[in-house]
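The opening residue of the sequence shown carries number 1 in our numbering; numbering runs sequentially from there.
Backbone N, C-alpha and C define an ideal beta-carbon position, used for all residues, glycine too.
Keep in mind it's a predicted model, so treat the numbers as computed, not measured.
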Amino acid sequence: MKAATIELIVALLGAGWAILAAWLIAVTVRLKRMGKQQKVLAKASKNGDFVEAVSKSLGELSLLGAGLVEIKESLSKFEIDLRTTVRHVGVVRFDAFDDVGGKLSFAVALLNGHGDGVVLSTINGRQESRSYAKFIKDGDSSYNLSGEEREAIAEARSGDLVKA
């Protein structure tokens, strides 16, 4: 045989070996995947037959779906409730009289998400204290509001929690 023919045969054999090695690697990878899948199936078959296990899983999946619907409905109700609960607080402290210091008087606005609620005011003097409660609807009141009460409402509506 000629040297060129022998070189061609060796090259073809090398290429064949390379193809076989690649095929062997691919088959090994697929067998490992199939082994993992077989373990899952074997685990399912311990609990009964495969069809029964799948049926049970589908039943549990529908229960989870129903539970998710209930959770979404509850969340919607909580969102509605949250809009009507006190969410915004504004506090303004002030000196109501020139002869009383320490900012002992205050106005507190307690509002829900709609701007409804109450503003509570306490005026502290040397001899007496007076407290007032005024209903708030959409950030305003049918009662006369002091500047401090309006400031407390504005703070509550702006989202600032407390300003001392």
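{"query": "Inter-residue CB distance, residue 146 and residue 107 (contact presumed, cutoff 8 Å)", "result": "7 Å"}
{"query": "Segment contact flag, the region 116–126 with the region 97–106, C-beta cutoff 8 Å, min 3 pairs", "result": "yes"}
{"query": "Short Cβ contact (7 Å threshold) for residue 109 with residue 153", "result": "yes"}
{"query": "CB-CB length for residue 89 against residue 156, believed under 8 Å", "result": "6 Å"}
{"query": "Residue 122 - partner residues in DSSP beta bridges", "result": "106 and 131"}
{"query": "Close beta carbons around residue 143, own chain, < 7 Å, minus the five adjacent residues each side", "result": "134"}
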